[in-house]
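Using numbering that gives the first Met the number 0, you'd call the opening residue of the sequence shown number 0 and step up by one each time.
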Amino acid sequence: MTAYQWFVFFLIVQIIHFLGTWKIYEAAGRKRWEGAVPVYNAIVLMKIIGRPTWWTVLLFIPIINLIMFPVIWVETLRSFGKRSSLDTFLGIVTLGFYLYY
């Protein structure tokens, strides 16, 4: 892929992420735009779920991020009162898209 194609891909991923998560940021008492800024949105999310902000770095380390993303999905669900086994299962199986619901 060319640099332009990577940029377009990254932009599409960011737009999908923002459209799915802006409600989470508002429900946590944060501003909607905080969900749209790359990297900063992860730092804010760590504050929302009560985890150290340095966990954001782990999201960018290959292999470790494969473990961290499901952990963060489940922690986000639990932060908003979804603590059942079914919620945890759906959060992981849907690759985090259950958060958008």
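No residue lacks a Cβ here, since even glycine has one placed at the ideal position from N, Cα and C.
- The stretch 5-20 and the stretch 48-68 do not touch, with fewer than 3 CB-CB distances between them shorter than 8 Å.
- In the structure shown, Ile63 adopts helical secondary structure according to DSSP, grouped into three states.
- Between the C-alpha atoms of Trp32 and Ile23 there is a straight-line separation of about 12 Å.
- With a 10 Å radius around the Cβ and a threshold of 16 neighbouring Cβ atoms, Ile63 comes out exposed.
- A buried status is given to Ile48, since no fewer than 16 other beta-carbon atoms sit within 10 Å of its beta-carbon.
- Residue state for Lys46 is assigned as helix, using DSSP reduced to three classes.
- Less than 9 Å separates the beta-carbon of Gly34 from that of Thr20.
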